[in-house]
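To start, the structure itself, in structure tokens.
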Amino acid sequence: ITFEAQVPHGLNGPRPHLDLRLDADDRVLAIESKCLEYLYPTRKPAWFAPAYDTIIDQRAQSPWFRHIATLRENSERYRYLDAAQLIKHYLGLSHCEPTKSLTLLYLFWEPGNWQDFKAFRQHREEIRAFSDVVAGDQIRFEAMSYNELWVEWERRTAPAWLAGHVKRLIARYQIDLNSI
Numbered sequence: 072i073t074f075e076a077q078v079p080h081g082l083n084g085p086r087p088h089l090d091l092r093l094d095a096d097d098r099v100l101a102i103e104s105k106c107l108e109y110l111y112p113t114r115k116p117a118w119f120a121p122a123y124d125t126i127i128d129q130r131a132q133s134p135w136f137r138h139i140a141t142l143r144e145n146s147e148r149y150r151y152l153d154a155a156q157l158i159k160h161y162l163g164l165s166h167c168e169p170t171k172s173l174t175l176l177y178l179f180w181e182p183g184n185w186q187d188f189k190a191f192r193q194h195r196e197e198i199r200a201f202s203d204v205v206a207g208d209q210i211r212f213e214a215m216s217y218n219e220l221w222v223e224w225e226r227r228t229a230p231a232w233l234a235g236h237v238k239r240l241i242a243r244y245q246i247d248l249n250s251i
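Quick note on numbering: the sequence shown equals residues 72 to 251 in the numbering used here.
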């Protein structure tokens with residue numbers, strides 16, 4: 072388990088940082104976690120340095136890589152989802168772990184009553200649209216809210232300490248927002 076894991080992408084320049092990386096012999100689970108930052112009023116448009124154009128290995132054939140052109144044409148296609156960041160994570164993971172089974176999990180917080188707010192509904196729609204774009208690649212893209220993760224953990228019977236931990240997480244972070 073590595074927090075803030077750097078993922079070399081084979082290019083000059085800054086490397087992407089995953090929030091969490093879990094490694095096993097034959098697979099990697101990489102996690103990008105968002106709390107409220109995707110709701111910030113000032114969002115950064117998608118941007119890719121010219122160095123990304125030098126990628127000519129198998130990554131250049133992926134739907135993830137092809138989506139760079141789309142985002143360069145419309146850098147504000149996604150309002151809430153940082154698709155450029157996810158693509159850069161993909162480029163790093165597929166470069167440094169070409170033989171492992173790879174999953175990039177986008178884990179995000181939202182209130183229990185997320186359906187009552189346009190921003191949260193749009194965020195989920197953007198996740199679905201992005202997931203459709205990158206579907207079928209060697210790296211699986213998955214997304215879930217923390218609330219969904221906790222429901223999944225509640226179903227587990229082991230380890231014994233997990234039930235109490237989930238109960239405390241839900242008590243602290245699973246809230247509904249008042250409508251404005």
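We put the beta carbon where it would ideally sit given N, CA and C, even for glycine.
So, for residue i: in the same chain, excluding its five sequence neighbours on each side, which residues have a beta-carbon less than 6 Å away from its beta-carbon?
{"i": "residue 105", "result": "179"}
{"i": "residue 146", "result": "116 and 117"}
{"i": "residue 212", "result": "175, 202 and 205"}
Which value, in whole angstroms, describes the spacing of the CA atoms of residue i and residue j?
{"i": "residue 140", "j": "residue 243", "result": "41 Å"}
{"i": "residue 121", "j": "residue 223", "result": "41 Å"}
{"i": "residue 215", "j": "residue 103", "result": "11 Å"}
{"i": "residue 137", "j": "residue 107", "result": "28 Å"}
{"i": "residue 79", "j": "residue 144", "result": "26 Å"}
{"i": "residue 168", "j": "residue 85", "result": "18 Å"}
{"i": "residue 112", "j": "residue 217", "result": "22 Å"}
{"i": "residue 229", "j": "residue 74", "result": "24 Å"}
{"i": "residue 152", "j": "residue 201", "result": "9 Å"}
{"i": "residue 128", "j": "residue 148", "result": "27 Å"}
{"i": "residue 227", "j": "residue 234", "result": "8 Å"}
{"i": "residue 161", "j": "residue 175", "result": "8 Å"}
{"i": "residue 114", "j": "residue 99", "result": "29 Å"}
Just mark residue i as buried or exposed, buried being the case when its beta carbon has 16 or more other beta carbons within 10 Å.
{"i": "residue 87", "result": "buried"}
{"i": "residue 232", "result": "exposed"}
{"i": "residue 246", "result": "exposed"}
{"i": "residue 210", "result": "buried"}
{"i": "residue 72", "result": "exposed"}
Pick helix, strand or coil for residue i, following the three-state DSSP scheme.
{"i": "residue 202", "result": "helix"}
{"i": "residue 189", "result": "helix"}
{"i": "residue 132", "result": "helix"}
For residue i, which option in the options has the closest C-alpha, if you only look at C-alpha atoms?
{"i": "residue 163", "options": "148, 101, 191 and 182", "result": "101"}
{"i": "residue 189", "options": "82, 133, 110 and 156", "result": "110"}
{"i": "residue 91", "options": "82, 83 and 77", "result": "77"}
{"i": "residue 126", "options": "166, 89, 114 and 154", "result": "166"}
{"i": "residue 150", "options": "157, 175, 194 and 83", "result": "194"}
{"i": "residue 81", "options": "154, 123 and 119", "result": "123"}
{"i": "residue 159", "options": "95, 134, 220 and 197", "result": "134"}
If I measure Cβ to Cβ from residue i and keep anything under 8 Å in the same chain, skipping five residues before and after, which residues do I get?
{"i": "residue 191", "result": "181, 182 and 185"}
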